[in-house]
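Here is the structure we will look at.
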Amino acid sequence: MKPVIAALQFQIRAADSPIEQPNQSESFGAARTRLVIKRNPAAVKTNREHIVDTLIMLAELACFEQKCRARFPIDEVIYNCTQCGGLLEVVFQADGVNADAIKKTWRERRTCNQMLDQSGVWRYRELLPFDGHHHQVVSLREGNTPLLGAPRAARYGGLDHLTFKHQGFNPTGSFKDNGMTCGVTQAIRLGRQRVACVSTGNTSASMAAYASAAGLDSIVFLPHGNISYGKLAQALEYGARTLEVEANFDQILALVRTLADRLEIYLLNSINPFRIEGQKSIIFEMLDQRDWNPPDWIVLPGGNLGNTSAFGKALRELCDLGFIRKMPRLAVVQAEGAAPFYEFVKLGGEFHSVPEPQTLATAIRIGDPVSWPKALHEITVSSGVVEKVSEQEIADAKAIIGQCGIGCEPASAATLAGIRKLTAARIMRPNDDVIAVLTGNVLKDPDYIYRYHTGQLKDPEGRAIEPHYGNQPRVVPNDPDAIAKILEE
Ligand code: F0G
């Protein structure tokens with residue numbers, strides 16, 4: 008097979024200069040020649056207002072399995088290696104990258120009013136495999152999520168300082184938007200009209216929004232009775248055909264994969280490598296916001312492990328290309344009842360899925376995470392750790408994050424619960440520089456919040472969860488004296 012390789016071109020330019028659109032359909036050889044020409048030092052301009060350097064990065068799909076590494080064109084519609092069944096990833100070829108110049112361009116773009124530059128994903132487009140297709144980008148101005156200091160949560164977690172990167176500030180309220188803008192853009196690039204996903208809720212909300220924004224048909228498959236109303240409501244409101252299947256996430260993923268070919272549907276689960284590419288921007292933006300100062304730790308919840316794969320890949324690329332000199336350690340936190348990755352890393356040997364995963368943090372109620380081989384690689388490369396936390400620990404940590412004025416959905420709170428355990432075990436030190444990624448907005452699951460604060464929350468086995476940090480509402484009479492008395496108590 009003769010691979011057709013997309014050219015990913017670095018262009019360091021003033022924020023308002025026109026976007027060049029290189030040809031994506033050229034052959035490997037032609038792109039190589041162009042790369043050599045572009046890197047001719049004579050062509051390099053040093054005027055900082057204009058182009059200061061150019062470089063082409065070649066992008067293609069590669070099998071993640073080290074013993075296979077089969078290559079495929081960037082526009083081939085496959086989700087697994089056709090030779091060995093392994094996971095796929097996007098790979099780039101680049102050398103001589105001027106990291107400082109690119110950092111400067113990325114910073115300048117923040118002040119620009121163009122759509123691509125306003126997006127906290129597409130601002131970093133030099134490290135995304137879409138050159139030549141920027142006119143097809145579907146953006147809701149995703150990313151641009153803040154870093155928030157949280158002293159109270161830091162104390163609870165046993166740290167001197169703790170910073171949250173809150174992905175719940177995204178257009179549909181979760182980190183999925185960072186990946187979905189790329190996934191749906193790839194669907195457009197491939198000329199697909201129908202997209203689908205199985206989801207614990209956030210992927211479906213995000214896909215429904217981006218598909219509708221792009222004029223595509225979207226079909227979401229949900230585990231019946233096991234997603235929060237906030238997320239189900241989003242899928243309905245954004246106009247997705249919504250199918251609630253009597254099965255769990257892992258079973259439905261298998262079902263949807265058999266349907267994808269038959270119905271000509273483009274699959275947008277995190278097995279899709281273009282979603283992983285988009286989620287890398289969470290790390291790019293985080294480090295840009297910290298003036299490229301890597302923290303000691305990045306903590307995130309683990310479900311299907313797509314985000315762990317994306318974070319690790321982003322960090323490796325930034326190290327390889329000279330953007331950062333130190334690799335932060337990844338800490339992945341799972342819920343006790345859905346912790347196959349934790350058990351695997353702890354025990355070694357074969358990977359065993361959990362047939363009936365259970366947790367009230369429904370976003371991470373996944374027993375057979377597809378991306379575990381990638382996640383294992385990223386944990387190994389970053390000297391990372393995997394932790395698991397109980398339902399009570401998640402619920403209390405979530406209430407503490409709420410008390411910081413920040414708030415998040417249950418799965419996100421696994422981060423703080425995990426940090427508390429990791430500092431207690433002295434794996435994390437109190438003065439470590441830690442960023443925890445809050446993956447979803449506080450309003451994603453209001454039912455959980457109400458039950459916790461009113462003492463009605465029960466774990467999947469029916470045991471009561473204690474509202475240690477509960478804030479019970481009180482019904483009062485329409486009587487100023489009575490109310491004044493209550494408030495003085
Ligand atoms: N946090 C939230 C809020 C999520 O929605 C998810 C995954 C995760 C963490 C775990 O991320 O799968 O990359 O390890 N939600 C997916 C969904 C599965 O369908 O919305 P992961």
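To convert, count from 1 in the sequence shown and add 7; that's our numbering. C-beta: ideal position from N, C-alpha, C; glycine also.
Within 10 angstroms of its Cβ, does Gly497 collect 16 or more other Cβ (buried), or is it exposed? Nothing can be reported for residue 497: it is not among the residues displayed for the chain, which extend from 8 to 496.
Within the stretch 165-191, note down every full beta strand (DSSP E) run reaching 3 residues or more, in order along the chain. 170-173, all fully within the stretch 165-191.
Close beta carbons around Ile371, own chain, < 8 Å, minus the five adjacent residues each side: Thr207, Pro308, Gly309, Gly310, Gln341, Ala342, Ala345, Ala418, Ala421
Assign Ile85 to one of two classes, buried (16 or more other C-beta atoms within 10 Å of its C-beta) or exposed (fewer than that). exposed
Is Phe171 closer than 9 Å to Ala443 when the C-beta atoms are compared? yes
Residues sharing a beta bridge with Ala69, DSSP: Arg78, Glu96
Check: Glu96 C-beta below 8 Å from any heavy atom of ligand 1: no
According to DSSP, is Pro230 part of a helix, a strand, or is it coil? strand
Quick one: Cα of Cys204 to Cα of Ala215, how far? 10 Å
Taking all protein chains shown into account, do 16 or more other C-beta atoms lie within 10 angstroms of the C-beta of Ser390, making it buried, or fewer, making it exposed? exposed
Does the stretch 102-122 come into contact with the stretch 265-277, if we say contact requires no fewer than three beta-carbon pairs (one atom in each stretch) closer than 8 Å? no
In terms of alpha-carbon separation, which member of Leu134, Arg117, Glu133, Gly139 lies closest to Arg148? Arg117
Tell me Ile442's beta-bridge partners as DSSP assigns them. Thr170, Ile305
At what residues does the beta strand (DSSP E) containing Arg248 begin and finish? 248-252
Give every residue of the same chain whose Cβ lies closer than 6 Å to the Cβ of Glu253, excluding the five residues on either side of it in the sequence, and list them in chain order. His231
Determine the extent of the alpha helix (DSSP H) in which Glu292 is found, giving its start and end residues. Unbroken alpha helix (DSSP H) run through Glu292: 280-296.
Buried or exposed, going by whether 16 or more other CB atoms sit within 10 Å of the CB of Ile44? In this predicted model, Ile44 has a pLDDT of only 30, less than 50, meaning its place in the structure is not dependable; the value taken from the coordinates is given anyway. Per the 10 Å Cβ criterion, exposed.
At a threshold of 8 Å, does Val205 count as lining ligand 1 (C-beta to nearest heavy atom)? It does: the Cβ of Val205 is within 8 Å (strictly closer) of some heavy atom of ligand 1.
Tell me the rounded alpha-carbon separation between Met64 and Ser225. Rounded to the nearest whole angstrom, the C-alpha separation of Met64 and Ser225 is 32 Å.
Same chain, Cβ closer than 7 Å to Ala221, five either side skipped, listed in chain order: Val145, Val191, Ile195
Please determine, among Val392, Ile472, Arg132, Pro376, the residue with the shortest C-alpha to C-alpha distance to Lys580. The displayed coordinates of the chain run from 8 to 496. Any statement about residue 580 would go beyond what the structure contains.
Taking the alpha carbon of Ile283 as the reference point, which residue from Gln296, Leu312, Glu350, Asn438 has its own alpha carbon closest? Closest by alpha carbon: Leu312.
Three-state secondary structure (DSSP) of Ala368: coil
Rounded C-alpha distance that separates His384 from Leu166: In a straight line, the C-alpha of His384 is about 27 Å away from that of Leu166.
Given Arg481, which residues of its chain have a CB within under 6 Å of its CB, disregarding the five upstream and five downstream residues? none
Can you name, in chain order, every residue of its own chain whose Cβ lies under 6 Å from the Cβ of Asp257, other than the five neighbours on each side? Gly374, Asp375
Determine which residues share a DSSP beta bridge with Tyr273 and list them. Val202
Using the beta-carbon count (16 or more within 10 Å), is Met122 buried or exposed? exposed
Anyone know if the C-beta pair for Val202 and Ile272 falls short of 9 Å? yes
Near ligand 3: Glu149 beta-carbon under 8 Å from a heavy atom: Among the ligands in the structure shown, ligand 3 does not appear; only ligand 1 can be found there.
Indicate whether the contact test is met: 3 or more Cβ pairs, each with one atom in the stretch 452-468 and one in the stretch 397-416, closer than 8 Å. yes
Beta bridge counterpart(s) of Val392 as assigned by DSSP: Ala338
Contact set for Thr430: own chain, Cβ-Cβ below 7 Å, skip 5 residues either direction: Gly164, Gly165, Leu166, Pro437
Give me, in chain order, the residues of the same chain whose beta-carbon lies closer than 6 Å to that of Leu494; leave out the 5 immediate sequence neighbours on both sides. Same-chain partners within the cutoff: there are none.
In whole angstroms, what is the alpha-carbon distance linking Lys238 and Ser213? 9 Å
Suppose contacts are defined by Cβ-Cβ distances below 9 Å. Is Ile305 in contact with Pro335 by that definition? yes
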